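Here the structure is laid out as structure tokens; the discussion comes afterwards.
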Amino acid sequence: MTLTGSPAETPPTDPAGRPALHALHDRLAAAVRPAAVATRAIDRLRMAHDASHFARTPAAVVTASSAAEVAALFRAAGGVPVTFRSGGTSLSGQAVTDGILVDVRRHFRGIEIEGDGARVRVGPGATVRSVNTRLARYGRMLGPDPASEVACTLGGVVANNSSGMACGTAANSYALLDSVELVLPSGTTLDTGAPGADDELRAREPRLWAGLARLRDRLRGDAALRTEIERQFSLKNTMGYGLNSFLDHHDPVQILARLLVGSEGTLAFLASITMRTVPVLAHTRTGLLMFDDLAAANRALPGLVDSGAATIELLDATSLRVGQGDGAAVDAVPLLGSLTVDEHAAFLVEYRGHTVDEVTQLAGDASGLISGLPLRGPRDLSADPVAKAGLWTLRKALYAKVAGARPPGTAALLEDVAVPVPDLLATCEGLIALFAKHDYDHAVIFGHAKDGNVHFMLTEDLDDSGTAGGRDRFGRFTDDMVDLVLAHGGTLKAEHGTGRMMSPFVRRQYGDELYEVMREIKRLCDPQGILSPGVVLDDDPTAHLAGLKSAPAVESEVDRCVECGFCEPVCPSRDLTTTPRQRIVLRREMAAARAAGDEALLAELEADYAYDGVDTCAVDGMCGTACPVLINTGDLVRRLRGERDHGAAGAGWTLAAKHWGATTRAAGLALTVARAVPGAAPVSAALRRVADREQVPQWSPDLPRGGGNRVPGGLVSTDADLVLFSSCTGAMFGSAGTGAGEAFARLCARAGLRASAPAGLGSLCCGTPWKSKGLTEGAAAMAERVLPALWTTTRAGALPVVSDASSCTEGLRVMVAAGPERYRGLRVLDAVEFTADRILPALTVPARLARLVLHPTCSATQLGLLDPLRRLAGAVADDVVVPDSWSCCGFAGDRGMLHPELTAAATAPQAWELAGVDADAHASCNRTCELGMSRATGRDYEHVLEVLERVTR
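Structure representation (structure tokens):
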């Protein structure tokens, strides 16, 4: 892969012409911490890609942990460019560099609520979702509401002045910023909210203070420039620097704080951000208004804006055609499924209020307007949450559906512009004409119509070889698009940031005089020009066509990936090795190295990928729940594990599948003996040093004794109501209580339900141990025994199979789905949902616990068990605590024993959050997850059914 960087970003070289990576590494390590600096090829290449269509390989990656380290890093950089990155969800190339890439996602996640939620102080690495989760208990939220809220961080939101579907310019980062703690390239650290901050800036940075004051007076004193600034920033506008700061604020320190909003890390580092918040408007009315064409929709827009709609989302004809394949959207608006879409367009409108009465009044007032519109289809504004979810799925799934269907090797390009609302129709029609002119047949237009802000997405093969092709076509299209938007008085970037994509066009949008003001701002804040050169400002007219990604075809999971990064916050290994996005990026980089004949690089990447990419993946599937194109990277990793030469270990696992009862009993006995015999931990550690670490587990004192009989008492052999498939993990890992299987059997008896078990249950398994390791032969051998046994015991599927461990429930469902057609009638339920629905209503809880800490599992999330799990927890305790930082524990079957560092990294945030929480019980719904959380917190976790059984005796 050829990644072209601007000359200003070329890292220093030694006399032999090779990048001086060792010297740079040593210099940075001395300034911060050796463990914080990475220069391996795998570390640099995994961070070479962000969500944009740009890619640049950093010279070094530094994981900074404090403002002081950033200041030291500036001093040690020695002129090498520095770029900050957090969520990596930016779409314009501002989070990639050829210089030093500073990862601030890992250590800058602090969230401090102030004034009962009226303000919040946040580190740049905290995601919008995590902040809003904390604010929700106060009935507050952040103003910016970007669609990427699951993964984007507040540092990136503020640095890009991102907004979203509802906030407009009234509640974006610029409008709601209170103060920041910043670090200038000089090393000066300053809290702009501290008393005397302006005087401190003047004393410590006199040139900067005076320069900002001079520019303030100049812009305020020039009527023409002032008018132009006001016009530019009357729109959602993230092009260039926020010159409105000079008009809206007087003190240079406050001007500086607002200039950092939308500066994309080119002026200073944002070490923390204090924002004012907005109230949560929880009550809604939602509808999809379909028109015959864009013109009819545009004529209705002013009235809808005046009606007080919180959101008015535009969908063009292509968007509607894409949406016709979305079942949830068609269920919400049946006409969508039968409509022959021609030139139709639609608005997804939503009204929001603090109370039911307030939103009912808003919707009622709007109904008169809507009844008079020339609509195709329903005019209803629904309060039904299912219908609302279906409509928003239509809007939010557009990116996923178009991106997921793109040809292999192409990139999905998502751009955004804004124009005055009266010019919206002409701009959309102009874009459609440009799509036709440049042969972009499947491009879509959607966006925030009430702000005149539209997004358009197209797919392209971004050939960066310099020959005529996709890159050149994209360049010609961009030139025409710039002409179109500026002719309508618009801005070339509304909320995605200037980045590298639009930096060559800033001068055109603002004119020479205001552009020179921006250049002066850059010189004042960053005299040496080390912060992300080429981002925001660039005089190279072709800079937006340099360093574009190539996406060689690799494999199905890889080829669909758009590198958005939505998967990263839910990944257990995100703070240890790699994330799902990075695993895919590295597969692409290995394919590129192979195609280029770079055998040395390929060998290095493959060697390091074995641990970083494969061994430390929990294959928990949580990435698939966040991925807009539904990629489960665990499927890729399982296949890669299966391609390994397992040798004797593979044969041993296949043999174990045929003698699973003896295997589990032996494992349980070994755990019991290990607890009784001194020296078990050193012995297992020694064995791991000389044997395959993927096969020899590490024993530790936190592991329990072995379990007991897998078949609980009280089961029946005839006239059963259900078939219990108790997990083999209960036989291997003992519980301090009864165990989940025994607890479930007792609860069934109390509810008058009769449970049976398959014959030979002790030798059966859901297949997950083999599936997770890619051992297809052993998995097949187990399925050949399990499916017939279940078919017989359930009387050909007449009875439900109930599993007492969520991962086993998932494993059995996968086994049934992949097995022979004749077994598809088997119904597999989890004991949590079965108990919540069938048993709980028949139980009495004499004395509830005061507080229970609950750990949902990744498999429970994917199975849709969170609601019944919370219902059971709520039935036994007055206060149920689910950590805000909840995520997969990373124990992942035996992964927590093979790689304890994975569980330690995955559970660290939860352990920190729970350190001061006292509770009467700690519960989950999967035995190995209970082990992982027990290890992390030092508290005994048990199955929620054990707690329920105990309190209902």
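In our numbering, the protein residues as written are 31 to 983. Glycine included, each C-beta is placed from N, C-alpha and C at the ideal position. The structure displayed is predicted, hence computed values, not measured ones.
Residue i: CB within 7 Å of a non-hydrogen atom of the ligand HEM
{"i": "leucine 895", "result": "In the structure on display, the ligand HEM does not appear, and there are no ligands present to speak of."}
Reference residue i; option with closest CA among the options
{"i": "proline 876", "options": "Asp897, Arg980, Arg843 and Thr806", "result": "Arg980"}
{"i": "glycine 904", "options": "Leu893, Asp589, Arg878 and His885", "result": "Arg878"}
{"i": "serine 412", "options": "Leu817, Trp422 and Ala637", "result": "Trp422"}
{"i": "leucine 58", "options": "Ile72, Gly251 and Val112", "result": "Val112"}
{"i": "arginine 136", "options": "Leu805, Leu606, Ala376 and Ala375", "result": "Leu606"}
{"i": "threonine 694", "options": "Arg618, Gly792 and Gly117", "result": "Gly792"}
{"i": "alanine 340", "options": "Arg315, Gly797 and Gln354", "result": "Arg315"}
{"i": "glycine 270", "options": "Ser397, Glu546 and Arg843", "result": "Glu546"}
{"i": "proline 282", "options": "Ser586, Ala715, Thr222 and Ser122", "result": "Thr222"}
{"i": "glycine 841", "options": "Leu817, Ala583 and Cys796", "result": "Cys796"}
{"i": "valine 703", "options": "Pro734, Glu585, Val110 and Leu399", "result": "Pro734"}
Reduced DSSP secondary structure (H/G/I, E/B, other) of residue i
{"i": "glycine 496", "result": "A caution first: glycine 496 carries a pLDDT of 46, below 50, which makes its placement in the model too unreliable to give a value."}
{"i": "tyrosine 545", "result": "helix"}
{"i": "threonine 222", "result": "coil"}
{"i": "alanine 441", "result": "strand"}
{"i": "methionine 531", "result": "coil"}
{"i": "methionine 963", "result": "helix"}
{"i": "proline 309", "result": "strand"}
{"i": "aspartate 175", "result": "strand"}
{"i": "phenylalanine 465", "result": "helix"}
{"i": "aspartate 247", "result": "helix"}
{"i": "methionine 927", "result": "helix"}
{"i": "isoleucine 72", "result": "helix"}
Supposed contact pair residue j and residue i - C-beta distance, whole angstroms, cut 8 Å
{"i": "phenylalanine 755", "j": "cysteine 838", "result": "7 Å"}
{"i": "tyrosine 381", "j": "leucine 392", "result": "4 Å"}
{"i": "serine 533", "j": "glycine 559", "result": "No, serine 533 and glycine 559 are not in contact; Cβ-Cβ is about 14 Å, not under 8 Å."}
{"i": "cysteine 182", "j": "threonine 119", "result": "4 Å"}
{"i": "serine 209", "j": "alanine 97", "result": "Not a contact, Cβ separation roughly 14 Å."}
{"i": "alanine 966", "j": "alanine 945", "result": "So it is not a contact: roughly 10 Å between Cβ atoms."}
{"i": "serine 915", "j": "proline 939", "result": "4 Å"}
{"i": "leucine 344", "j": "valine 484", "result": "6 Å"}
Close Cβ partners of residue i (< 6 Å) along its chain, the five nearest in sequence each way excluded
{"i": "serine 349", "result": "Leu428, Val474 and Phe476"}
{"i": "threonine 497", "result": "Since pLDDT at threonine 497 reaches only 49, below the 50 mark, its modelled position is unreliable, and the value read off the structure follows with that caveat. Cβ within range, chain order: n/a, list empty."}
{"i": "aspartate 361", "result": "Gly420"}
{"i": "glycine 771", "result": "Pro742, Ser756, Gly760 and Asp834"}
{"i": "phenylalanine 774", "result": "Asp834, Ala861 and Leu975"}
{"i": "glutamate 179", "result": "Val158 and Arg159"}
{"i": "glutamate 807", "result": "Thr684"}
{"i": "alanine 326", "result": "Pro404"}
{"i": "phenylalanine 864", "result": "Val832"}
{"i": "alanine 227", "result": "Val283"}
Contacting residues, own chain, Cβ-Cβ under 7 Å from residue i (five flanking each side not counted)
{"i": "glycine 643", "result": "Thr608, Arg613 and Leu616"}
{"i": "glutamate 144", "result": "Val150 and Arg151"}
{"i": "asparagine 202", "result": "Gly173, Pro174, Asn191 and Ser193"}
{"i": "threonine 87", "result": "Leu33, Arg74, Leu75, Ala78 and Asp128"}
{"i": "valine 389", "result": "His313, Thr314, Arg315, Tyr381, Arg382 and Gly383"}
{"i": "arginine 925", "result": "Ala648 and Leu932"}
{"i": "cysteine 197", "result": "Gly173, Pro174 and Asp175"}
{"i": "leucine 289", "result": "Tyr271, Gly272, Ser275, Leu297 and Ile551"}
8 Å CB neighbourhood of residue i in its chain, flanking five on each side removed
{"i": "alanine 890", "result": "Ser836, Asp860, Val862, Leu896, Leu899, Cys955 and Asn956"}
{"i": "threonine 874", "result": "Thr982"}
{"i": "alanine 253", "result": "none"}
{"i": "glutamine 354", "result": "Val360, Leu366, Gly367, Leu369 and Val371"}
{"i": "aspartate 6", "result": "As displayed, the chain neither begins before 31 nor continues past 983, which places residue 6 out of reach and without an answer."}
CB contact below 8 Å: residue i versus chain B
{"i": "leucine 606", "result": "In the displayed structure, chain B is absent; only one protein chain is listed."}
Legend entry - Sufficient close CB pairs (3 or more, under 8 Å) joining the region 216-235 to the region 520-539: no
Inset, instruction - Say whether the region 426-442 touches the region 451-468, bearing in mind that this needs 3 or more beta-carbon pairs closer than 8 Å, one atom from each stretch. - result: no
Legend entry - Stretch-stretch touch, CB-based, cutoff 8 Å, three pairs: the region 439-456 with the region 517-530: The region 439-456 makes contact with the region 517-530, as at least three CB pairs between them are under 8 Å.
Legend entry - Given 8 Å, three or more beta-carbon pairs between the region 289-299 and the region 309-329: Per the Cβ contact rule, the region 289-299 is not in contact with the region 309-329 (fewer than 3 Cβ pairs under 8 Å).
Legend entry - Three CB pairs or more closer than 8 Å across the region 709-724 and the region 779-786: no
Inset, instruction - Report yes or no: do three or more beta-carbon pairs, one from the region 204-222 and one from the region 316-324, lie closer than 8 Å? - result: Verdict: no, contact absent.
Legend entry - Sufficient close CB pairs (3 or more, under 8 Å) joining the region 595-605 to the region 654-666: Yes: at least three Cβ pairs fall under 8 Å.
Legend entry - Cβ pair count under 8 Å reaching 3, the region 482-492 against the region 436-443: yes
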